[in-house]
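Numbering follows the numbering used here, with no gaps: position 37 of the sequence shown is 68. What follows is one structure encoded as structure tokens, with my remarks underneath.
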Amino acid sequence: MPVMLVLTGAGLAAGRPALARMVAKPVSWHFENSRFESVLVYDDAVSAKRPGLLMVPAWFGINDNAVRKAEQIAGQRYVILLTDMYGATVRPKNAAEARAAVQPLLADRALMRRRVDYALTRLKAQAGSAPLDTGRLAAIGFCFGGAAVLDLARNGADVAAVVSFHGNLTTDDPELAKQIRARVLVMNGADDDTTSPDFAGFTREMRLSPAPWQFVIIGHAVHCFTETEATATTGLCRYDAGAAKQSFRLMENWLGDSFGGRSDIAR
């Protein structure tokens with residue numbers, strides 16, 4: 032399947048041994064009068080503790096595609112909390128429903144920051160039941176999820192790194208960049224009409240960050256370039272195997288450096 036091929040190039044999945052046991056178990060919580068249903072993903076065949084990633088999916092939220100993507104990224108390298116940002120009763124089935132789901136959070140960025148901050152505490156809480164090294168934490172996000180993890184960084188979260196793929200770059204307060212502690216890697220397509228109007232403003236904002244950051248613009252890529260289900264041959268949202276492969280490799284290098292170049296992550 033396409034994701035497997037892409038992530039093989041980044042050294043994530045193809046080398047997984049036959050005895051791999053991928054776990055995808057529900058993790059629920061209540062926060063501000065809403066119930067959230069997330070999914071914890073990791074390979075249970077390996078007992079060694081490994082870094083944890085808070086992963087916020089694209090605007091369709093938690094679905095089978097998002098779980099498969101989390102499994103491929105996790106391999107034996109990471110414990111991933113695939114994070115519900117909408118609430119347990121909101122599971123968009125089409126673009127109109129997804130747009131309706133993200134709008135309240137994009138309109139109220141303080142609410143989005145509170146939700147993603149709390150999700151990080153729930154990831155840390157999994158250390159007692161999963162092989163999670165709470166000293167090595169990061170967050171990754173895709174499309175809308177990119178906006179969420181960038182807001183996590185803007186809120187000064189104590190994570191080593193934040194990585195955004197074809198994410199929304201806007202903010203309600205550029206001055207929040209002064210609070211960033213994480214090493215931030217952002218990757219967007221040069222032909223992404225959805226986010227490209229925000230490139231200049233995002234760059235100005237990130238100059239305020241005291242932490243290391245990189246903004247990578249991938250030539251010829253449009254929006255959704257890591258989303259294998261975006262199969263249209265034309266349009267604003269389209270999977271691009273080459274761009275996906277490149278971006279996942281960049282993510283791996285960024286996370287490795289952010290975690291101190293530790294070599295004990297299973298390969």
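Even glycine gets a Cβ: it sits at the ideal position worked out from N, Cα and C. Since this is a predicted model, take the numbers as computed values, not measurements.
query: Determine the closest residue to Q157 out of S227, D222, K56, with distance taken between C-alpha atoms.; result: K56
query: Check for me: the alpha helix (DSSP H) holding K100 runs from which residue to which?; result: 95-105
query: What's the gap between the Cα of V253 and the Cα of T234?; result: 19 Å
query: Alpha carbons only, please: which of V110, M143, G92, T225 is nearest the one belonging to V121?; result: G92
query: Please name the residue in L168, T202, P228 whose C-alpha comes closest to that of A213.; result: L168
query: By DSSP, does L239 sit in helix, in strand, or in coil?; result: coil
query: Under 8 Å Cβ to Cβ from M143, same chain only, skipping five residues before and after it: list those, please.; result: M116, L136, L137, A178, A179, D182
query: Inspect the beta-carbon positions of L200 and V215 and report whether they are closer than 9 Å.; result: no
query: Quick one: residues in its chain with C-beta nearer than 8 Å to the C-beta of R52, no 5 flanking neighbours on either side, listed in chain order?; result: D74, D75, A76
query: Among N64, K276, T259, which residue has its Cα nearest to the Cα of R269?; result: T259
query: With distances taken Cα to Cα, identify the nearest neighbour of D222 among V133, A274, G176.; result: A274
query: If distances are taken between C-alpha atoms only, which option among A89, F67, Y109, R238 comes closest to V54?; result: Y109
query: Express the C-alpha separation of A129 and V37 in angstroms, rounding to a whole number.; result: Unreliable placement is indicated for V37, whose pLDDT of 27 sits below 50; no coordinate value is reported for it.
query: Count the other CB atoms, across all protein chains shown, that sit within 10 Å of the CB of A44; report buried if there are 16 or more and exposed otherwise.; result: The predicted position of A44 is uncertain, since its pLDDT is 41 and thus under 50; a value taken from the coordinates is nonetheless stated next. Flag for A44 reads buried.
query: Ignoring anything shorter than 3 residues, give me the beta strand (DSSP E) runs that lie fully in the segment 164-200, in order along the chain.; result: 192-196
query: In terms of residues, what are the limits of the beta strand (DSSP E) holding L56?; result: The sequence shown places Lys at residue 56, not Leu. Its beta strand (DSSP E) spans residues 53-62.
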